[in-house]
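Residue numbers (UniProt numbering): 1 to 170.
For glycine and all other residues, C-beta sits at the position ideal for the given N, C-alpha and C.
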């Protein structure tokens, strides 16, 4: 190439780069939209009962659309989520105690034993009212709530979850 052709090629490349900045490819737009959606703070809820998960999701959505609710069906899925970084780090981990494969107690103890995750606020959200479950939670810097039977009480617990996550955003 002679200097004129070389200069023309450089100018053409710069021009094309500007066009692509002005008119991004559609998959770039989708990726940016996905990144924006994923930038919402996340509650990670470990719950094997789909009805309980859906009730909490509905209550959260009624209060705000500024948070996402990620679902794990058991403690093993919580570990996978955290270790494999399947998503952004949750601002709160909510654990049911009675789950198959790996229960909430084992999951709580694992989270609190891991330097990379022990700073994440945790809440046990269960039907249990056993004193030993409450003490386990207290001794591991965890908030304990019994699952309410009334929807308005569930909304109150979700407000507390939002505060644990850094405050209401909606």
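The beta carbon of residue 111 lies closer than 8 Å to those of 78, 82, 93, 117, 118, 120 and 122 in the same chain, with the five residues before and after it left out.
With contacts defined by Cβ atoms closer than 8 Å, residue 55 and residue 154 form a contacting pair. One alpha carbon belongs to residue 142, the other to residue 126, and they sit about 13 Å apart. For residue 55, the enclosing alpha helix (DSSP H) stretches over residues 50-63. Going by beta carbons, residue 74 and residue 102 fall inside the 8 Å limit. Beta-bridge partners assigned by DSSP to residue 93: 44 and 122. For residue 149, the secondary structure class from DSSP, reduced to helix, strand or coil, is coil. With fewer than 16 other Cβ atoms from the protein chains shown falling within 10 Å of its own Cβ, residue 166 counts as exposed. The alpha-carbon separation between residue 40 and residue 115 amounts to approximately 24 Å.
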